[in-house]
Amino acid sequence: MQFKLTVNNKVYKVDVDQDTPLLWVLRDHLHLVGTKFGCGIGQCGACSVHLNGTVIRSCLFPVIAVGDSKITTIEGLSDQNNHPVQIAWRDIDVPQCGYCQAGQIMAASSFLAENKNPTKNEIKDAMHGNICRCATYKRIEKAVEKAVEITQKTK
Amino acid sequence: MKTLKNKMDRKTFIKVSLLSGTGIIFGVNYLQASDISSKMPNDLESLNYNNFNAYIQIANNGMVTIYAPNPEIGQGVKTSMPMIVAEELDVVWENVSVKQANLDTANFKRQVAGGSQSIRYSWMHLREAGATARQMLINAAAIEWNVNASDCKTNSGFVIHPNGKKIGYGDLVVKAAKLEVPTKVTLKEPKYFKIIGKQARNVDNFKITQGDSLYGMDYFEEGMVYASIIHPPAFGQKLINIDDSEALKVKGVLEVIRIGNNIAVIATDTWAAFKGKKQVTATYDEVNKKEDSNYFDAQMDKAFESGEFKKIREDGNVLEAFSKADKVVERVYEAPFLAHNTMEPMNFFANVTPSKIELKGPIQTPEGTANQVARILKREVSEVTLEMCRIGGGFGRRLKGDYVIEAALISDKIKKPVKLVYTREDDMTAGLYRPKVKYKIKAAIKNGKVTGYHLQEASVNATVNKMRADFFPSGAVDNLLIETHRIKSKVTCFAWRAPICNILAFAEQSFFDELAIELNTSPVQLRLDLLENAKNHKDKNMQYSPDRMQAVIKKVVADANFGTSKKGVYQGFSAYYSHNSHVAQIAEVEIKDHQPVVTKVYCAVDCGIVVNPLGAQAQAEGGIIDGIGHAMYSEQIVEKGVAQNTNFHQYRLIRLKEAPEIHVSFIKSDEAPTGMGEPTLPPAPAALANAIYAATGNRLRKHPFVTNGLNS
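Just so you know, the protein sequences line up as chains A and B, in that order. Its first residue numbered 1, the first sequence is counted upward by one per residue in the UniProt record's numbering. Its first residue numbered 1, the second sequence is counted upward by one per residue in the UniProt record's numbering.
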């Protein structure tokens, strides 16, 4: 089946089965490989992308359900790798192996778009769904706080 | 200053190509790259670099590239190993570009990520590589200026003479690379280090945060196909027959083939390969019902009853110590199988053609694996190239290249370049687990002192070895016996982050906590006393330093104010030496909603010189949370040969809200550095269990705690 997808403000045409998860359309067909395959059942969050700004698990999201929605992946989160969350992630030096971090960044950026001034507990709740096997959790918490700080300073 | 004979092979120095001779031809300004104020060009890749030696390239404009020789699995060596080279080369770290080396046995030593040994093994070698290049640059400047090389110094990418002359490395590199390789090089004294010991961020952070293609999973080339794999559902099962008729109807599935005892589904994309896999039906022979977690438990108990054990280490007279004891304390500790669960599932690219074998992907043992692939395909090792990439977690799983061999066999059979991708279920159920194990430990107490120690291990497939038997308390207790009993099984077991120690330390460090209570002494004082005793023990095999161990204990006790009770905070102590580093920890537990919750862990580490404090700190944070997470929540269960927990809905891993605060102190040291990938993990589970006991009186001796008594 033919699908027209808007990913990172660019329109792509793909010919795939309608049940193909968005994850594999992004990775194998559009070669946007920043979005990662971790578990395939929505448990780990490595495949997190934004659908009209809201974070979803692309491994469970069939391409047919995308419709006219706008998809944002890690590659399109900012023009120059300068979203406050991306800057904070580098500043706090979050990544160890780094494999889950695109998903973490997409989860954090969607959360901060909704909640501009979160409490520590709200940050913890928001980031609890993404597994990091290297256990960079403490730096993830700090980096989300840092991103809030950067956002507020640049206002 | 330390002077040493250069051991580097002359052949490792690749002569400079004259094509790239002049530097100015590239049209970029002479940014003496080594000058921190200089502006970096936007496109570093476009610069032409001179191959100076296997680790170092210096462009004519002074830009420096350093190759990271070892696999990067998240342990930080892609940052820390080049830092060591840069230190001795004497350049500005911020202006160094780091690249991953490929497998190259002619030029690099031990390209392995394992045993926390990358830094320890390569410390001198990396320094020599940097210092040798630096000396050649000095020699080139001396010739240029007609002065004595010994009068020249370097600073941040420049050679300097006392007469005021100053020249950048970029202007010297062509000449320098043509000079004789010095037979003697001088290494810096640690007090002059400018890069080692300073916080450096992960060199791939920029690429990671924008989702660049970095991992084996991300690899793509035109013409390649994708493969999924079906292993037998039960361990030890033999594949009999394949019915692929339904699978071949799936759009995108190209073919279904048998690879030894496994089935591979070849498709045009990953999703089609995964879909096709579900449509394959296959028949297998009977499962051996004895391959079962309950059966293994019974076998372990039987071993303890029968006393059939193999001696690993024996000191003094244990029998006598126990017969004369005032009191004998005996406890059993146990732990389940664990899967590694790297975030990036197993995958590998292989292109086997009549003339060459190309391999690309995540592997902790590139050399051994390349050799194995050559052997299995009956080809020459020289035909194999292995391209290394950033790796989405290792934890020991990728020390074994079984999936690389599978990819190579598939490519060989279908005559196409292929990327094999495991599903999470394939990854989690395919074995190579941390061994399921029980430890029975007995201590003899006489006149308030520990006079005898007897440890028996009953374990599936992998057992404690001689080296680990030489860890504490060997040497600290005069009469000591370490024994093991191996239960053979088809359930494959393998190295899992801090092998053996990850559970042996839990057993022993919990046991000493229990002993301290029996002896009515502080757990810290008991360890310090035993370590004092170890100082009198003359045993060249003894693996730890009692002095360094005491120092980390004292440091963590001070950091955590151990023993001075904070209201509602309960502390548990643990200390362990493994992988050449000494570590002590204190966990703090509070009761929240009637549950013990770990809120903070203090950690003191002696790993010698800390190359990258930011990275070392990250390893400690990760190692401790990893140890706590697996002790609390995780297990793999095998029933009638089949792994029961297939994905993260069944296999619980620690998540963000469950992770405690971590406080890490490093002992200041001029000793050569040791690794940080593993040694902070082993002490953590016991620190936690001991704190939970302090908080609740509930002694947890079996992992995972959530299903084995935490809530009782």
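Glycine included, every Cβ here is placed at the ideal spot set by N, Cα and C.
What in chain A is Cβ-close to residue i, meaning under 7 Å?
i               : result
A659 of chain B : A135, Y137, K138
L399 of chain B : Per Cβ cutoff of 7 Å: no residues; L399 of chain B is ~15 Å from chain A at best.
G393 of chain B : C97, Y99, R133, C134
D626 of chain B : A135
Chain B partners of residue i, CB-CB under 7 Å?
i              : result
P21 of chain A : W271
I74 of chain A : Q210, G211
Would you mind telling me which residues of chain B sit closer than 8 Å to residue i, beta carbon to beta carbon, in chain order?
i               : result
N81 of chain A  : F206, T209, Q210
R90 of chain A  : R201, N205, F206, T209
E141 of chain A : L656
Q86 of chain A  : T209, Q210
K155 of chain A : Those within 8 Å of K155 of chain A in chain B number zero; the least Cβ separation is about 22 Å.
K124 of chain A : L656, K657
Is any beta-carbon of chain C found at less than 9 Å from that of residue i?
i               : result
M343 of chain B : Note that chain C does not occur in the displayed structure, where the protein chains are A and B.
Which residues in chain A have a C-beta closer than 9 Å to the C-beta of residue i? List them in chain order.
i               : result
R655 of chain B : M127, H128, G129, N130, I131, C132, Y137
R424 of chain B : F37, G38, C39, G40, I41, Q43, C44
A407 of chain B : Those within 9 Å of A407 of chain B in chain A number zero; the least Cβ separation is about 17 Å.
L614 of chain B : D93
What does the Cβ neighbour count give for residue i, buried or exposed, with the cut at 16 atoms within 10 Å?
i               : result
V112 of chain B : buried
N711 of chain B : exposed
R527 of chain B : buried
K109 of chain B : exposed
K10 of chain A  : exposed
K275 of chain B : buried
T353 of chain B : exposed
N148 of chain B : exposed
Y544 of chain B : buried
F666 of chain B : buried
G622 of chain B : buried
T54 of chain A  : exposed
G394 of chain B : buried
K146 of chain A : buried
F206 of chain B : exposed
Q86 of chain A  : buried
L319 of chain B : exposed
L29 of chain A  : It should be pointed out that residue 29 of chain A corresponds to His in this sequence rather than to Leu. It is buried - the Cβ of H29 of chain A has at least 16 other Cβ atoms within 10 Å.
I591 of chain B : exposed
Taking the alpha helix (DSSP H) that residue i belongs to, which residues open and close that run?
i               : result
M428 of chain B : 424-429
F349 of chain B : That residue, F349 of chain B, is in no alpha helix (DSSP H); its beta strand (DSSP E) goes 347-352.
E145 of chain A : 137-153
L126 of chain B : 118-145
G368 of chain B : 366-376
E320 of chain B : 318-323
E383 of chain B : Counting along the chain, E383 of chain B falls outside any alpha helix (DSSP H), and DSSP gives it neither H nor E.
Residues of chain B with CB under 9 Å from residue i, in chain order?
i                      : result
A107 of chain A        : Ordered by position in chain B, no residue passes the 9 Å Cβ test against A107 of chain A, which lies about 10 Å from the chain.
V33 of chain A         : G211, D212, S213, L214, Y215, M217, D218, Y219, F220
Q18 of chain A         : In chain order: nothing, as chain B lies at least about 11 Å away.
H29 of chain A         : D269
residue 158 of chain A : Outside the shown range of chain A, which is 1 to 155, sits residue 158 of chain A, and nothing can be said about it.
Starting from residue i, follow the beta strand (DSSP E) in both directions and report where the run begins and ends.
i               : result
L688 of chain B : Unbroken run through L688 of chain B is the alpha helix (DSSP H), 683-696; no beta strand (DSSP E).
K446 of chain B : 437-446
F573 of chain B : 570-578
L89 of chain B  : Here L89 of chain B belongs to no beta strand (DSSP E); instead the alpha helix (DSSP H) covers 77-89.
Just the chain A side, please: which residues come within less than 8 Å of residue i by C-beta, in chain order?
i               : result
N647 of chain B : C39, G40, I41, Q43
R390 of chain B : C97, G98
request  = Jot down the residue ranges of each uninterrupted beta strand (DSSP E) in the region 54-105 of chain A, minimum 3 residues, whole runs only, in chain order.
outcome  = List check, beta strand (DSSP E) in window: 54-57, 70-72.
message = Pairs of beta-carbons, one from the region 354-367 of chain B and one from the region 216-227 of chain B, closer than 8 Å: are there three or more?
response = In short, these stretches touch, since the Cβ pair count reaches three.
ask   = What are the start and end residues of each continuous beta strand (DSSP E) run of 3 or more residues lying completely inside the region 584-659 of chain B, in chain order?
value = Scanning the region 584-659 of chain B from its first residue to its last, the whole beta strand (DSSP E) runs of 3-plus residues come out as 595-606.
ask   = Using 8 Å as the threshold, is the region 131-140 of chain A in touch with the region 55-66 of chain A, meaning 3 or more CB pairs across them?
value = Because the criterion of three Cβ pairs below 8 Å is not met, the region 131-140 of chain A and the region 55-66 of chain A do not touch.
key: Sufficient close CB pairs (3 or more, under 8 Å) joining the region 657-668 of chain B to the region 447-464 of chain B   = Under the Cβ criterion (8 Å, minimum of three pairs), the region 657-668 of chain B does not count as touching the region 447-464 of chain B.
inquiry  = Suppose only complete runs of 4+ residues qualify. What are the alpha helix (DSSP H) ranges in the region 473-539 of chain B, listed by chain order?
reply    = 501-518, 523-534, all fully within the region 473-539 of chain B.
query = Can you find at least 3 beta carbon pairs, one from the region 337-354 of chain B and one from the region 35-47 of chain A, that sit closer than 8 Å?
reply = These segments touch.
ask   = Does the region 410-421 of chain B come within contact of the region 221-228 of chain B, defined as at least 3 CB pairs closer than 8 Å?
value = Under the Cβ criterion (8 Å, minimum of three pairs), the region 410-421 of chain B counts as touching the region 221-228 of chain B.
key: Contact the region 472-488 of chain B vs the region 308-328 of chain B: 3+ CB pairs below 8 Å   = In short, these stretches touch, since the Cβ pair count reaches three.
ask   = Does the region 179-198 of chain B touch the region 86-98 of chain B, meaning 3 or more C-beta pairs lie closer than 8 Å?
value = Contact between the region 86-98 of chain B and the region 179-198 of chain B is present, because at least three Cβ pairs lie under 8 Å.
ask   = Is it a yes or a no for the region 114-127 of chain A touching the region 245-253 of chain B, going by three-plus beta-carbon pairs under 8 Å?
value = Judged by pairs of C-beta atoms under 8 Å, the region 114-127 of chain A does not touch the region 245-253 of chain B, as fewer than three such pairs exist.
task = Would you be able to state if there are at least three C-beta pairs under 8 Å between the region 574-581 of chain B and the region 667-683 of chain B?
result = Enough Cβ pairs lie closer than 8 Å, so yes.
request  = State whether the region 635-651 of chain B contacts the region 286-295 of chain B, with contact taken as three or more CB pairs (one from each stretch) at a distance under 8 Å.
outcome  = Contact between the region 635-651 of chain B and the region 286-295 of chain B is present: three or more C-beta pairs spanning the two stretches fall below 8 Å.
ask   = Three or more C-beta pairs closer than 8 Å, one from the region 263-282 of chain B and one from the region 16-28 of chain A: is that the case here?
value = Under the Cβ criterion (8 Å, minimum of three pairs), the region 263-282 of chain B counts as touching the region 16-28 of chain A.
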